[in-house]
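K.L.:
Residue 495 in my numbering sits at position 495 of the sequence shown, and the numbers go up by one each step.
Backbone N, C-alpha and C define an ideal beta-carbon position, used for all residues, glycine too.
Values in this document were obtained by computation on a predicted structure and should not be read as measured data.
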Amino acid sequence: MLTEQFIASIGVPEKPLATNVARDAAIFIRELQPISQQRALFKKSATAPNCLAFSDNHIFAAQLNKAVVHVYNREKGNQEATQITCIALACDDTVLVLGTAEGRIFLWETCTGRQLTTSQAHLQAVTVVVVDSNSNFLLSASADSTVHVWSIPGLLSFANVGTQGLSPLRTFTSHHAEITALAIGHSASFINFAVSISKDQICTIWDFHKNAVLRTYLLPSVPTCVTLDAADRALYVGYEDGSVQQIDLYTVGTTTAAPSGINALQNGEETAAPIQPSLASKWKSPDVSHGATLSISLSFDSCTLLSGHLSGAVLAWDVATGRVQANVLQNPLPGPVTNLSFLPVVGFARKTRRELNVASVIKPRFGAFDSGDGNVPGNYTVNFELPSNLKSSENGEKSAFEESLVAPFFPQSLLDGGLEELMSWANGPSRQASEADNGELDDFMALDGQPDKHRELTLDEQNAALKAQLSSMRRLQNASFDRIEAINAERKALLKREQLRIKKRGGTTNGTHGSDEDDSMDENDGS
Numbered sequence: 001m002l003t004e005q006f007i008a009s010i011g012v013p014e015k016p017l018a019t020n021v022a023r024d025a026a027i028f029i030r031e032l033q034p035i036s037q038q039r040a041l042f043k044k045s046a047t048a049p050n051c052l053a054f055s056d057n058h059i060f061a062a063q064l065n066k067a068v069v070h071v072y073n074r075e076k077g078n079q080e081a082t083q084i085t086c087i088a089l090a091c092d093d094t095v096l097v098l099g100t101a102e103g104r105i106f107l108w109e110t111c112t113g114r115q116l117t118t119s120q121a122h123l124q125a126v127t128v129v130v131v132d133s134n135s136n137f138l139l140s141a142s143a144d145s146t147v148h149v150w151s152i153p154g155l156l157s158f159a160n161v162g163t164q165g166l167s168p169l170r171t172f173t174s175h176h177a178e179i180t181a182l183a184i185g186h187s188a189s190f191i192n193f194a195v196s197i198s199k200d201q202i203c204t205i206w207d208f209h210k211n212a213v214l215r216t217y218l219l220p221s222v223p224t225c226v227t228l229d230a231a232d233r234a235l236y237v238g239y240e241d242g243s244v245q246q247i248d249l250y251t252v253g254t255t256t257a258a259p260s261g262i263n264a265l266q267n268g269e270e271t272a273a274p275i276q277p278s279l280a281s282k283w284k285s286p287d288v289s290h291g292a293t294l295s296i297s298l299s300f301d302s303c304t305l306l307s308g309h310l311s312g313a314v315l316a317w318d319v320a321t322g323r324v325q326a327n328v329l330q331n332p333l334p335g336p337v338t339n340l341s342f343l344p345v346v347g348f349a350r351k352t353r354r355e356l357n358v359a360s361v362i363k364p365r366f367g368a369f370d371s372g373d374g375n376v377p378g379n380y381t382v383n384f385e386l387p388s389n390l391k392s393s394e395n396g397e398k399s400a401f402e403e404s405l406v407a408p409f410f411p412q413s414l415l416d417g418g419l420e421e422l423m424s425w426a427n428g429p430s431r432q433a434s435e436a437d438n439g440e441l442d443d444f445m446a447l448d449g450q451p452d453k454h455r456e457l458t459l460d461e462q463n464a465a466l467k468a469q470l471s472s473m474r475r476l477q478n479a480s481f482d483r484i485e486a487i488n489a490e491r492k493a494l495l496k497r498e499q500l501r502i503k504k505r506g507g508t509t510n511g512t513h514g515s516d517e518d519d520s521m522d523e524n525d526g527s
């Protein structure tokens, strides 16, 4: 989609600023088409006529009545605070995903401080972000009625910074109004689906891997929130009138039961015809004064549903009967219950522990760890805690690495392997990737009469390689000899110090024995 923007700057304000204008705002970038709204602003500047210039990356502003030129980075700007509209955690709670009012997505590694920013993919504010169970995909919904599917490994990769890695994989555009809520299935395979609801009273179930609509539900009123049960067999929708509706995903229509309804749609055996759920599946609020249902959450066994309302009330619903069990709170909360979620169940005998524990959160630093060559920068550090006992093998036997951790020193083979790996990193991933690409090109160009890349080395090349190996071995030998000499010198100094200490104590030493040791040391030095 084509967009048209313009930039404007002001001089010294002659009248009080309006309440909707940021303080010290002086340079504005606004979009004219297709949506008229502000895209960026820069503060603390005052320019005279003909004193503003800009490029693709920077803005230059000559200051009024001053010998000063302010230079602004158009990509980073002033790093002013932006309004956050939604958040979610990913990658075992080590990455915080944030949606902004400008339509961007921020990713913040809480254990490193690394911060990434996507391009302005959404035209309006991001309303909700969700992550799948494996933290492979990120879904972001917006008020512009679109849902973007992102690859989290691609966003976090150092090789994709500033390239295609910061662009969405695909875009879902079946809605025609603001998307109010989004949920994703619990499957860990590539057969998974997402549920999105919007203000056009449409609930859509779609495969975010293929960007294909599986089923469409026509809702009776404007929905506000949605959630899925643990088995992905039913979804629950909250409405503005305070009611909650249960929608069985394995029932087609209002009365006809089809045990394989969703499966048939995923396999492409049926068409995704719109369905209007039965009004009997809608649970009415016992008291109209509770207000709109703003948030809902299911218990661990999906038998109890909690709903948070505009009045601050929290109701507990029995999923089997669709009736309110009780008012969870004796007194309602002092404000609207905008977020509601069950915490993980505590008390299991065999609890899966986390391999990493982020004890302290590192403040975000935008662009501090960006590298143009795709390598991990040297200042990139990870701060986390390991569990008290490292996880051993199932049969109780310790690995070679675990045994080396408690040994007096690391084995020489382990050190040699680490040095070889460090030497292999000297070429960098970019070079390895280019070599892999060249290999793929060779495979495709083999029929075009191209010469074979994997030819035998000539005699001169073999001699050069042998000379390089010999030179490396000589350097290693010289370093070893230097180390031996240093050890012998240290041993001789320690022996002399011990002899002096004994003499000071008034003891006598055997001169013959001492001379023998000196002779043996001289022989070792000579060797």
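Under 7 angstroms between the Cβ atoms of I105 and S140?
P.N.:
Position 105 of the sequence shown holds residue 105. Position 140 of the sequence shown holds residue 140. Cβ atoms of I105 and S140: closer than 7 angstroms.
K.L.:
Where do the N-terminal and C-terminal ends of the alpha helix (DSSP H) with Q325 fall, by residue?
P.N.:
Within the sequence shown, numbered from 1, the residue matching residue 325 stands at position 325. No alpha helix (DSSP H) contains Q325, which is instead part of the beta strand (DSSP E) from R323 to N327.
K.L.:
Grab me the residues of D301's own chain with a C-beta within less than 8 angstroms of its C-beta, minus the 5 sequence neighbours each way, in chain order.
P.N.:
To locate residue 301, count along the sequence shown from 1; it is residue 301. So the qualifying residues of the chain are A230.
K.L.:
Answer yes or no: do S221 and K284 have a C-beta to C-beta separation smaller than 7 angstroms?
P.N.:
Counting from one through the sequence shown, the residue named residue 221 turns up at place 221. Counting from one through the sequence shown, the residue named residue 284 turns up at place 284. No, they are not a contact pair.
K.L.:
For R170 versus V149, is the C-beta distance shorter than 7 angstroms?
P.N.:
The residue given as residue 170 occupies position 170 in the sequence shown. The residue given as residue 149 occupies position 149 in the sequence shown. For R170 and V149, yes; Cβs fall inside 7 angstroms.
K.L.:
In the DSSP assignment, what residue or residues form a beta bridge with T227?
P.N.:
Locating residue 227 in the sequence shown gives position 227, counting from the first residue. Partner(s): Y236.
K.L.:
Quick one, are the C-beta atoms of H175 and S145 less than 7 angstroms apart?
P.N.:
For the purposes of this step, residue 175 is taken as the residue at position 175 of the sequence shown. For the purposes of this step, residue 145 is taken as the residue at position 145 of the sequence shown. A contact, by the Cβ cut-off of 7 angstroms.
K.L.:
With a Cβ-Cβ cutoff of 7 angstroms, do E534 and V95 count as a contact?
P.N.:
Lying outside 1 to 527, the shown extent of the chain, residue 534 is not represented and no answer is given.
K.L.:
Apart from the five residues on each side of it in sequence, which residues of its chain come closer than 7 angstroms, Cβ to Cβ, to Q462?
P.N.:
On the sequence shown, residue 462 is found 462 positions in, with the first residue counted as 1. If we look at Q462 and ignore the five residues flanking it on each side, it has no Cβ neighbours.
K.L.:
On the premise that T293 lies in contact with R307, defined as a C-beta separation below 8 angstroms, what is that separation, rounded to the nearest angstrom?
P.N.:
Residue mapping note: residue 307 aligns to position 307 of the sequence shown, counting from 1. Residue mapping note: residue 293 aligns to position 293 of the sequence shown, counting from 1. The question names Arg, but residue 307 is Ser in the sequence shown. Contact flag correct, Cβ pair sits at about 5 angstroms.
K.L.:
Between I184, Q201 and E178, which has its C-alpha nearest S133's C-alpha?
P.N.:
Start at 1 with the first residue of the sequence shown, and residue 133 comes out as number 133. Comparing Cα-Cα distances from S133 to each of I184, Q201 and E178, the minimum goes to I184.
K.L.:
Keeping to the same chain, check which residues put their C-beta closer than 8 angstroms to that of L89; ignore five residues upstream and five downstream.
P.N.:
Residue mapping note: residue 89 aligns to position 89 of the sequence shown, counting from 1. Once the five neighbours on either side are set aside, the close Cβ partners of L89 are V95, L96, V97 and V131.
K.L.:
Look at the Cβ atom of F342, then the Cβ atom of S295, and state whether they are nearer than 7 angstroms.
P.N.:
Counted from its first residue, the sequence shown places residue 342 at position 342. Counted from its first residue, the sequence shown places residue 295 at position 295. Cβ atoms of F342 and S295: not closer than 7 angstroms.
K.L.:
Does the separation of the CB atoms of S135 and I152 fall below 7 angstroms?
P.N.:
As a working mapping, residue 135 is identified with position 135 in the sequence shown. As a working mapping, residue 152 is identified with position 152 in the sequence shown. Going by C-beta atoms, S135 is nearer than 7 angstroms to I152.
K.L.:
In chain order, which continuous runs of the beta strand (DSSP E) of length 3 or greater are located wholly inside the stretch 125-204?
P.N.:
As far as the stretch 125-204 is concerned, its whole beta strand (DSSP E) runs of at least 3 residues are 126-131, 137-142, 147-151, 170-172, 179-184 and 194-198.
K.L.:
Would a C-beta distance cut-off of 7 angstroms place I179 and S157 closer than the cut-off?
P.N.:
Residue numbering aside, residue 179 sits at position 179 when the sequence shown is read from its first letter. Residue numbering aside, residue 157 sits at position 157 when the sequence shown is read from its first letter. Going by C-beta atoms, I179 is not nearer than 7 angstroms to S157.
K.L.:
Would you call the CB atoms of K363 and G113 closer than 7 angstroms?
P.N.:
Numbered from its first residue, the sequence shown carries residue 363 at position 363. Numbered from its first residue, the sequence shown carries residue 113 at position 113. Contact flag set, yes.
K.L.:
Alpha carbon to alpha carbon, how far is A313 from L329?
P.N.:
For the purposes of this step, residue 313 is taken as residue 313 along the sequence shown, with counting starting at 1. For the purposes of this step, residue 329 is taken as residue 329 along the sequence shown, with counting starting at 1. Roughly 7 angstroms separates the two Cα atoms.
K.L.:
Give a yes or no on whether 7 angstroms exceeds the smallest Cβ distance from R215 to chain D.
P.N.:
Note that chain D does not occur in the displayed structure, where there is just one protein chain.
K.L.:
State the start and end residues of the unbroken beta strand (DSSP E) segment that holds K43.
P.N.:
In the sequence shown, the residue the question calls residue 43 occupies position 43. First-last of the beta strand (DSSP E) with K43: Q37 to K43.
K.L.:
Excluding the 5 residues preceding and the 5 following T338 in the sequence, name in chain order all residues of the same chain whose CB lies nearer than 8 angstroms to its CB.
P.N.:
As a working note, residue 338 is residue 338 in the sequence shown. Hits under 8 angstroms: L294, S295 and G308.
K.L.:
To the nearest angstrom, how far is the alpha carbon of G154 from that of N160?
P.N.:
Here residue 154 refers to the residue found at position 154 of the sequence shown. Here residue 160 refers to the residue found at position 160 of the sequence shown. Looking at the two C-alpha atoms, the distance is approximately 7 angstroms.
K.L.:
Taking all protein chains shown into account, do 16 or more other C-beta atoms lie within 10 angstroms of the C-beta of P332, making it buried, or fewer, making it exposed?
P.N.:
Taking the first residue of the sequence shown as position 1, residue 332 is located at position 332. When all chains shown are included, P332 counts as buried.
K.L.:
DSSP state of R74, grouped into three classes?
P.N.:
Locating residue 74 in the sequence shown gives position 74, counting from the first residue. Residue state, collapsed to three classes: coil.
K.L.:
Beta carbon of A25, beta carbon of K43: below 7 angstroms?
P.N.:
Residue 25 sits at position 25 when you count from the first residue of the sequence shown. Residue 43 sits at position 43 when you count from the first residue of the sequence shown. Against a cut-off of 7 angstroms, the Cβ pair of K43 and A25 comes out as a contact.
K.L.:
Locate the beta strand (DSSP E) running through G248, then write down its first and last residues.
P.N.:
Position 248 of the sequence shown, counted from the first residue, corresponds to residue 248. Residue 248 is actually Asp in this sequence, not Gly. Counting along the chain, the beta strand (DSSP E) containing D248 begins and ends at V244 to D248.
K.L.:
How big is the Cα-Cα spacing for E403 and A359?
P.N.:
As a first step, residue 403 must be located in the sequence shown, where it is residue number 403. As a first step, residue 359 must be located in the sequence shown, where it is residue number 359. Cα-Cα distance, rounded: 27 angstroms.
K.L.:
Express the C-alpha separation of S471 and A479 in angstroms, rounding to a whole number.
P.N.:
Taking the sequence shown and counting its residues from 1, the one referred to as residue 479 is at position 479. Taking the sequence shown and counting its residues from 1, the one referred to as residue 471 is at position 471. Using only the alpha carbons, I get a separation of about 12 angstroms.
K.L.:
Could you check if H186 is buried or exposed, using at least 16 other CB atoms within 10 Å of its CB as the buried criterion?
P.N.:
The residue labelled residue 186 in the question sits at position 186 within the sequence shown. H186 comes out exposed.
K.L.:
So if DSSP puts H58 in a beta bridge, which residue, or which two residues, is it bridged to?
P.N.:
Mapped onto the sequence shown, residue 58 falls at position 58. DSSP lists N73 as partners of H58.
K.L.:
Pick helix, strand or coil for D318, following the three-state DSSP scheme.
P.N.:
Locating residue 318 in the sequence shown gives position 318, counting from the first residue. DSSP places D318 in strand when its eight states are reduced to three.
K.L.:
Just to confirm the assignment, what range does the alpha helix (DSSP H) spanning A529 have?
P.N.:
For the chain, the structure presents residues 1 to 527; residue 529 sits outside this window and is missing.
K.L.:
Is T224 near G238, with beta carbons less than 7 angstroms apart?
P.N.:
Within the sequence shown, residue 224 is the residue found at index 224, counting from 1. Within the sequence shown, residue 238 is the residue found at index 238, counting from 1. Cβ atoms of T224 and G238: closer than 7 angstroms.
K.L.:
Please name the residue in V126, D241 and Q5 whose C-alpha comes closest to that of I87.
P.N.:
Position 87 of the sequence shown, counting from 1, holds the residue named residue 87. Per the Cα distances, V126.
K.L.:
When the Cα of A177 is compared with those of A188, S189 and I202, which residue comes out closest?
P.N.:
By one-based count along the sequence shown, residue 177 stands at place 177. Minimum Cα distance to A177 is reached at I202.
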